[in-house]
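Take a look at the structure below.
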Amino acid sequence: MTTLLALDTATEACSVALLHDGKVTSHYEVIPRMHAQKLLPMIKQLLADSGVALSALDAIAFGRGPGAFTGVRIAIGVVQGLAFALERPVLPTSNLAALAQGALRRHGVQQVAAAIDARMDEVYWGCYRAEQGEMRLVGQEAVIAPERVTLPDGLGGDWYGAGTGWGLAERLAVKLASSDPSALPDAQDILSLARFAWARGEAVVAEQAQPVYLRDNVATPKAR
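The UniProt record's numbering applies: residue 1 is where the sequence shown begins, and numbers increase by one.
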C-alpha cells in the first residue's frame, strides 16, 4: 500500500492530507499569514492521529502554484526539507488543477474553469476536464487579464467556475451559469491528483520541487 503526504499553502488556506492503507485523512484551515507557523504542527498532528511515521511516507505531494509567492515558497521549503531528510521523491501539483479536482469531488462537475485572483488586475486561469476521475488540463495555464480569458475550443457541455478569480466575474470574458468564488485549493484534492501522478511514475527528486508562478517577473526588478 502506498503512503502519500500532501500539503498546500499557496492561498489563504493551509491544508494537509494523508493516504495510508487506502484511507485518506486531512486537515484544512483558512489562516492567512499563519502558514509558516502552522504547517509543520499540522503535518505532525495528522501523522500522529493516523499512527504513521514520517519514515513510512513513499512520496510527498504539494501545491506548486500558481498562488501567493510567499505561500508557495513555504510549502516548497517544508517539502524539500522533509524529502531530502527522508530521501523521498516529490509530486508537484498545480493549484488550479486542485481547484478543479475539488469541484469534481464536491459537485460532480466534469468541466471546470479554475481561476485564482492574481492581483495586479490579472487572474491565474486554467481549464480542466474530468478523465476517469482525474481533472486534466485542456490547453495551458496562464496569468491573464480577466477580460481576455477563454474556454477551450471544440468542447461542448457545461462549465463550472471555481476559485477566487470568479470574484471578478463581472470582468471575466467567460460567463458561466454556476461558480464558487470562495473555493480555495485543498490538500486532499492535491492528494487525489498525486495518486494518479504516482501511478504513472511521475514523482521527481526533491531538487525538482520548484514553484510555478506563471508570472515570470514576480520578484524581479524591472530592467531600466
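Backbone N, C-alpha and C fix where the C-beta goes; we use that ideal spot for every residue, glycine too.
Subject >> Environment of Asp153 [buried if 16+ CB atoms lie within 10 Å] >> reply: Counting Cβ neighbours within 10 Å, Asp153 comes out exposed, since fewer than 16 surround it.
Original post:
Okay, do the stretch 179-192 and the stretch 141-148 touch, 3+ Cβ pairs below 8 Å being the bar?
Top reply: Touching, no.
**OP:** Evaluate the contact criterion for the stretch 59-73 versus the stretch 8-18: three or more CB pairs, one atom per stretch, below 8 Å.
**Re:** Yes: at least three Cβ pairs fall under 8 Å.
Subject >> Boundaries of the beta strand (DSSP E) in which Met42 is found, first to last residue >> reply: Residue range 35-50 is occupied by the alpha helix (DSSP H) that includes Met42, with no beta strand (DSSP E) assigned at that position.
Subject >> Where Ala206 falls: helix, strand or coil (DSSP) >> reply: If DSSP states are grouped into helix, strand and coil, Ala206 belongs with the helices.
Original post:
Helix or strand or just coil, what does DSSP make of Asp21?
Top reply: In the three-state reduction of the DSSP assignment, Asp21 falls in the coil class.
Subject >> Neighbourhood of Gly139 by C-beta distance below 7 Å, restricted to the same chain and skipping five residues each side >> reply: Cys127, Pro152, listed in sequence order.
Subject >> Rounded separation between Ala115 and Leu40 - CA only >> reply: Ala115 and Leu40 have their C-alpha atoms spaced approximately 28 Å apart.
Original post:
When we look at the beta-carbon of Ala162 and count the other beta-carbons within 10 Å, is it buried (16 or more) or exposed?
Top reply: So Ala162 ends up on the buried side.
Original post:
For the alpha helix (DSSP H) that contains Val78, what are its first and last residues?
Top reply: Start and end: 69-86.
**OP:** Could you tell me whether the Cβ atoms of Ala209 and Ala83 are closer together than 8 Å?
**Re:** In contact: Ala209 and Ala83 (Cβ atoms closer than 8 Å).
Original post:
Considering only the beta carbon of each residue, do Leu91 and Ala199 sit closer than 8 Å?
Top reply: Taking 8 Å as the cut-off, the beta carbon of Leu91 is found no closer than this to the beta carbon of Ala199.
**OP:** Report yes if the C-beta distance between Ala97 and Leu155 is below 8 Å; otherwise report no.
**Re:** Contact flag unset, no.
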